[in-house]
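**Student:** Sharing a structure here in structure tokens format.
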Amino acid sequence: MPYFEPVILFFVLGAIAGFVRSDLKIPGVLYESLSIFLLLAIGLKGGVELARYPLLDVALPALAVVVAGALIPLAAFPVLRRVGKLSTADAGSIAAHYGSVSVVTFAVGSSYLARLGEAAEGYMTVFLVLLEFPALVIGVLLARRGEQGTPWGRVLHEVFAGKSLVLLLGGLAIGWMAGPGGIAPLDRVFFDLFKGLLAFFLLEMGLVVARHFGDLRRAGAFLIAFAVLMPLAAAGLGLVTGLLLGLSVGGVTLLATLYASASYIAAPAAMRIAVPQANPALSIGAALGITFPFNLVVGIPLYHRLAQYLHHAGA
Numbered sequence: 146m147p148y149f150e151p152v153i154l155f156f157v158l159g160a161i162a163g164f165v166r167s168d169l170k171i172p173g174v175l176y177e178s179l180s181i182f183l184l185l186a187i188g189l190k191g192g193v194e195l196a197r198y199p200l201l202d203v204a205l206p207a208l209a210v211v212v213a214g215a216l217i218p219l220a221a222f223p224v225l226r227r228v229g230k231l232s233t234a235d236a237g238s239i240a241a242h243y244g245s246v247s248v249v250t251f252a253v254g255s256s257y258l259a260r261l262g263e264a265a266e267g268y269m270t271v272f273l274v275l276l277e278f279p280a281l282v283i284g285v286l287l288a289r290r291g292e293q294g295t296p297w298g299r300v301l302h303e304v305f306a307g308k309s310l311v312l313l314l315g316g317l318a319i320g321w322m323a324g325p326g327g328i329a330p331l332d333r334v335f336f337d338l339f340k341g342l343l344a345f346f347l348l349e350m351g352l353v354v355a356r357h358f359g360d361l362r363r364a365g366a367f368l369i370a371f372a373v374l375m376p377l378a379a380a381g382l383g384l385v386t387g388l389l390l391g392l393s394v395g396g397v398t399l400l401a402t403l404y405a406s407a408s409y410i411a412a413p414a415a416m417r418i419a420v421p422q423a424n425p426a427l428s429i430g431a432a433l434g435i436t437f438p439f440n441l442v443v444g445i446p447l448y449h450r451l452a453q454y455l456h457h458a459g460a
């Protein structure tokens, strides 16, 4: 079992504790602090790596990644409406969640590659930041098409001023401006401690998954199947896009992981304002209750093996 490194087992421990109704709890202030640290550390690492590349070399791949990523909510919506028979609001909300990305899934994917000694392009964090926004806008448009009075000002403020984007963009900018030499004195805080603090965060995620599992079970078999099959289809798009862009095995793996992930931080906040009639238990239950653990335990190693195979087949 090469993939079951300690950070994943922390998630499993949290889930087990939640299912057996243990009194284990992570204080809210600690959870908030951990999420701030992880977001900032990921942004800083991406900015440091971005400083090694000319910006023009990154701009075209970034545009291609965003355009391809926009296909995910557009493909998910008709499936949710026609096959799942969900309301327009719920279908648009869930499509937005699956078109957006999970920072924690990206962090685990990066940790997995580092453990294997598999390098990836440093500017993958730029893709992470850029993929947060388009799917949320598309999801709102799909959910509220034909309606009047969408509070676009509040929605855009929630997205751009939300802590996820502020910390990722801020960390990216600081890391880029400082460069590897400037950030070196902070390495022990932001990079050396990263994996240990990620383990604490995943312990809490396991507890949260256990709490939301009942909501998903009541949603029915379709949504459970969607929460597994949609990430696989999106990962396939990521594998193809990554190969066409000439990314390394690690880069292709991370792009597939990003496309396969589903947001459970930025998307719920945006949908709460833009599509209040949507049932958050469906979107959060699917994204966090099924897709998140599926990607951690099965998806990431699968995407890596597929990236290796496709690279070798094309060599």
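Numbering-wise (my numbering), the sequence shown opens with residue 146 and increments by one. All residues carry an ideal CB built from backbone N, CA and C; glycine is no exception. Please read all numbers here as calculations on a predicted model, not as lab measurements.
Would you kindly work out how many angstroms separate the C-alpha atoms of Glu-263 and Tyr-448, rounded to a whole number?
**Tutor:** Walking along the sequence shown from the start, residue 263 turns up at place 118. Walking along the sequence shown from the start, residue 448 turns up at place 303. Straight-line Cα distance between these residues: approximately 13 Å.
**Student:** Take every Cβ of the region 266–276, pair it with every Cβ of the region 205–217, and state whether three or more of those distances are shorter than 8 Å.
**Tutor:** yes
**Student:** Can Gly-387 and Leu-403 be called in contact, C-beta distance under 7 Å?
**Tutor:** Sequence index remark: in the sequence shown, residue 387 carries index 242 (1-based). Sequence index remark: in the sequence shown, residue 403 carries index 258 (1-based). Contact: no.
**Student:** Taking DSSP as the reference, what is the three-state secondary structure of Lys-170?
**Tutor:** Position 25 of the sequence shown, counted from the start, is the residue given in the question as residue 170. Lys-170 falls in the coil class under three-state DSSP.
**Student:** Give a yes or no on whether the C-beta atoms belonging to Ser-408 and Ser-247 are separated by under 7 Å.
**Tutor:** Counting from one through the sequence shown, the residue named residue 408 turns up at place 263. Counting from one through the sequence shown, the residue named residue 247 turns up at place 102. The answer is yes: Cβ separation under 7 Å.
**Student:** Between the Cα of Ala-220 and those of Pro-376, Phe-437, His-357 and Gln-422, spot the shortest distance and give me the residue it belongs to.
**Tutor:** The residue labelled residue 220 in the question sits at position 75 within the sequence shown. The option with the nearest alpha carbon to Ala-220 is Pro-376.
**Student:** What residue range is occupied by the uninterrupted alpha helix (DSSP H) comprising Ile-319?
**Tutor:** Numbered from 1 along the sequence shown, position 174 holds the residue referred to as residue 319. It spans 308–328 - the alpha helix (DSSP H) in which Ile-319 sits, taken as one unbroken run.
**Student:** When the Cα of Gly-284 is compared with those of Ser-238, Leu-184 and Phe-182, which residue comes out closest?
**Tutor:** Counted from its first residue, the sequence shown places residue 284 at position 139. Just measuring C-alpha positions, the residue of Ser-238, Leu-184 and Phe-182 sitting nearest Gly-284 is Ser-238.
**Student:** Please return the same chain residues whose Cβ sits closer than 6 Å to the Cβ of Leu-185, not counting the five positions on each side in sequence.
**Tutor:** Within the sequence shown, the letter at position 40 stands for residue 185. Same-chain partners within the cutoff: Leu-312 and Gly-316.
**Student:** Find the nearest neighbour of Leu-201 within the set Asp-235, Pro-421 and Tyr-268, judged by alpha-carbon distance.
**Tutor:** Numbered from its first residue, the sequence shown carries residue 201 at position 56. Leu-201 has its Cα closest to that of Tyr-268, out of Asp-235, Pro-421 and Tyr-268.
**Student:** Give me the Cβ distance between Tyr-257 and Ile-445, rounded to the nearest whole Å; I'm assuming they're in contact under 8 Å.
**Tutor:** Here residue 257 refers to the residue found at position 112 when the sequence shown is read from its first residue. Here residue 445 refers to the residue found at position 300 when the sequence shown is read from its first residue. Right, the Cβ-Cβ distance comes to about 5 Å (below 8 Å), so this counts as a contact.
**Student:** Please work out which residues of its chain come closer than 7 Å, Cβ to Cβ, to Ala-234, disregarding the five sequence neighbours upstream and downstream, and give them in chain order.
**Tutor:** Along the sequence shown, one-based indexing puts residue 234 at 89. The answer, listed in chain order, is Ala-288, Val-420, Gln-422 and Ala-423.
**Student:** Express the C-alpha separation of Phe-222 and Leu-286 in angstroms, rounding to a whole number.
**Tutor:** The sequence position of residue 286 within the sequence shown is 141, counting from 1. The sequence position of residue 222 within the sequence shown is 77, counting from 1. Those two C-alpha atoms are separated by around 11 Å.
**Student:** Kindly list the residues whose CB is nearer than 6 Å to the CB of Gly-351, restricted to its own chain and excluding five residues on each side of it in sequence; keep chain order.
**Tutor:** The residue given as residue 351 occupies position 206 in the sequence shown. Contacts found: Phe-156, Gly-159 and Ala-160.
**Student:** Is Ala-411 near Gly-307, with beta carbons less than 7 Å apart?
**Tutor:** On the sequence shown, position 266 is the one that residue 411 refers to. On the sequence shown, position 162 is the one that residue 307 refers to. In contact: Ala-411 and Gly-307 (Cβ atoms closer than 7 Å).
**Student:** Identify which residue in Gly-229, Arg-227, Gly-173 and Ser-255 has its Cα closest to the Cα of Gly-188.
**Tutor:** Walking along the sequence shown from the start, residue 188 turns up at place 43. Answer by Cα proximity: Ser-255.
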